[in-house]
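Note sheet for the following structure.
In my numbering, the protein residues as written are 4 to 625.
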């Protein structure tokens, strides 16, 4: 119960600002019906309970399922088995995702039945399955994520030239719809489990990125549907919005549908896990019952959460967008910024991603920093979406293509672990809470603006929300890598002797310890060898002393960068030569933040050659 209390406290802290903002607008600016306000308040309580129970269940079930299934994938020696199992994991977790089912119905209605919702759902799920398989192979083969995503989005940019604005918006919206409250925790657990089983020096950054890779699958799938079918435009008339009446009535009416959708969403991946458990895992009864209990909690929490969102938040968002647009359309930009800044905080998947970041990085990347960056990025994205609704000449691709292109370029400059986090964040920010409330707000605004088209301008809002975190966290990762508090000091001040033995009593061998930022160890080893050093030991960690602190500007948050420590045992006659050669390298000084320590090794330290005959095993000085 302590875990449930912690989750409830966390959700209250993030949900309360949204409720206060909506009620403040309702009582001061917009005239909203009493029944709608009461239903919104009741829905907020349900959302609080549902989200807390859902996150509790995720900890007990989805994380464990993802970790066990990831071990099955990572330890398989068959390439075919890895590909097939990865595909089915991606396909089954996506094909019944409630957000995707809703989007499929919206596309079918908007296209007048030309695009079948079942076709959309299954094609998107196939795209996700394929990308999950490729993402697993990328992780197991240690292919850099920035290069993989650069190639993937280059293909997307080329395909975007051959599709219409409507299909461009739907394809990116489908990307956001697949990363819902159910799929994201599972895929995050899958990537974490794979990275832990594989191990290696890249295990930290390999823990992230699979959600971002998965998100590219729907984009490619929808674009290919447009190109293969030859359909360029979507025509249709938006149905007139009529707010539901009553308080409990709308919730009771929608509850059975939400329950069935949530149950169907959980069944495929649960059945696959239990089949593998029966055949291979054979988990102890205690652990198995814990997973079953967690799945039940996930179902209960998901039903409560989605019922509250669809019956309370959707109507309120639509009404607020309509009424504010009628009063003064340009206020939409400011309201959109505030709504975007706050609403992303209540996304369930954002909580799951934040907890994994803290776990993997040992708390060195604070959860509050990630949330703040996501909030700012999403706030700007929704503001720009309001601009697109207000100004007909502003197209969606004006923002999407440059935004993703700049993010890809920054991925080669940012701290490696941030690259995976950024792509994952693009998926988690566009979950059910953002997709429903923000989409309803945008559609309400578009329906009140004469020059706007609800079908065209309504689609694409989720796409903007999905793009913004990728770009903003890439900026954060770049700032983290290059922003230093202290400037480089002269060589003679960086050269430190730490031995307690008098320097004048120079001994035969020295131990040289070199500290650099992560990624520069190979450069250090190569330069040291050129000066006569032989062999090296490389350690990975994070800076802890005063010199290694990094203070991010404006938000005033201190982080400890990843560091690498390289140890050499060298002849004392050329130790200084090794140190000078390293410190004279401009890149190591300016980007690697190099610091060198030299400690003489006592003559009393000896080694024994265990390969010698025991009778002739004589010590020799090192």
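We treat Cβ as the ideally placed atom computed from N, Cα and C, and that holds for glycine. Quick caveat: nothing in here was measured; it's all calculated off a predicted structure.
Bridge-paired residues (DSSP) for residue i
{"i": "residue 571", "result": "515"}
{"i": "residue 542", "result": "568"}
{"i": "residue 520", "result": "566"}
Three-state secondary structure assigned by DSSP to residue i
{"i": "residue 596", "result": "coil"}
{"i": "residue 588", "result": "coil"}
{"i": "residue 414", "result": "coil"}
{"i": "residue 182", "result": "coil"}
{"i": "residue 454", "result": "coil"}
{"i": "residue 117", "result": "coil"}
{"i": "residue 566", "result": "strand"}
{"i": "residue 56", "result": "helix"}
{"i": "residue 394", "result": "coil"}
{"i": "residue 601", "result": "strand"}
{"i": "residue 78", "result": "coil"}
{"i": "residue 2", "result": "This structure cannot settle anything about residue 2, because the visible part of the chain is limited to 4 through 625."}
{"i": "residue 234", "result": "coil"}
{"i": "residue 33", "result": "coil"}
{"i": "residue 536", "result": "coil"}
{"i": "residue 283", "result": "helix"}
{"i": "residue 144", "result": "coil"}
{"i": "residue 468", "result": "helix"}
{"i": "residue 166", "result": "coil"}
{"i": "residue 215", "result": "helix"}
{"i": "residue 43", "result": "helix"}
{"i": "residue 463", "result": "coil"}
The alpha helix (DSSP H) enclosing residue i, as first and last residue numbers
{"i": "residue 421", "result": "419 to 431"}
{"i": "residue 159", "result": "148 to 163"}
{"i": "residue 311", "result": "288 to 311"}
{"i": "residue 271", "result": "251 to 279"}
{"i": "residue 533", "result": "524 to 533"}
{"i": "residue 97", "result": "82 to 98"}
{"i": "residue 61", "result": "Taken as a continuous stretch (DSSP letters only), residue 61 belongs to no alpha helix (DSSP H), as it is neither H nor E."}
{"i": "residue 321", "result": "317 to 330"}
{"i": "residue 338", "result": "334 to 346"}
Residue burial classification, residue i (beta-carbon count within 10 angstroms, cutoff 16)
{"i": "residue 156", "result": "buried"}
{"i": "residue 84", "result": "exposed"}
{"i": "residue 18", "result": "buried"}
{"i": "residue 525", "result": "exposed"}
{"i": "residue 176", "result": "buried"}
{"i": "residue 226", "result": "buried"}
{"i": "residue 411", "result": "buried"}
{"i": "residue 15", "result": "exposed"}
{"i": "residue 490", "result": "Low per-residue confidence applies at residue 490: pLDDT is 39, beneath 50, and the placement is therefore not dependable enough to give any value."}
{"i": "residue 640", "result": "Any question about residue 640 goes unanswered here, given that the chain covers just 4 to 625."}
{"i": "residue 145", "result": "exposed"}
{"i": "residue 187", "result": "buried"}
{"i": "residue 576", "result": "exposed"}
{"i": "residue 446", "result": "buried"}
{"i": "residue 330", "result": "exposed"}
{"i": "residue 198", "result": "buried"}
{"i": "residue 283", "result": "exposed"}
{"i": "residue 174", "result": "buried"}
{"i": "residue 495", "result": "For residue 495, the predicted structure reports a pLDDT of 45, less than 50, and the residue's modelled location is therefore unreliable. A value from the coordinates is still provided. Exposed is the call here."}
{"i": "residue 212", "result": "buried"}
{"i": "residue 251", "result": "exposed"}
{"i": "residue 232", "result": "exposed"}
{"i": "residue 127", "result": "buried"}
{"i": "residue 292", "result": "exposed"}
{"i": "residue 639", "result": "The structure shown does not extend to residue 639, since the chain is modelled only from 4 through 625, so no value can be given for it."}
Should the segment 276 to 285 be regarded as contacting the segment 45 to 63, the criterion being three or more beta carbon pairs within less than 8 Å?
-> no
The segment 133 to 145 / the segment 62 to 69 touching (three or more Cβ pairs under 8 Å) = no
Check whether the segment 321 to 331 touches the segment 23 to 34, taking contact to mean three or more Cβ pairs, one atom from each stretch, closer than 8 Å.
-> yes
Would you say the segment 246 to 265 touches the segment 305 to 313, given that touching needs at least three Cβ pairs under 8 Å?
-> yes
Specify whether the segment 330 to 345 and the segment 385 to 402 touch according to this definition: at least 3 beta carbon pairs, one from each stretch, less than 8 Å apart.
-> yes
Contact between the segment 286 to 306 and the segment 419 to 433: three or more CB pairs below 8 Å?
-> no
At least three beta-carbon pairs within less than 8 Å, the segment 415 to 422 to the segment 282 to 299 = no
Touching by the beta-carbon criterion (3+ pairs, under 8 Å), the segment 589 to 599 and the segment 514 to 528 | yes
Inspect the CB distances between the segment 52 to 59 and the segment 89 to 104 and report whether three or more fall short of 8 Å.
-> no
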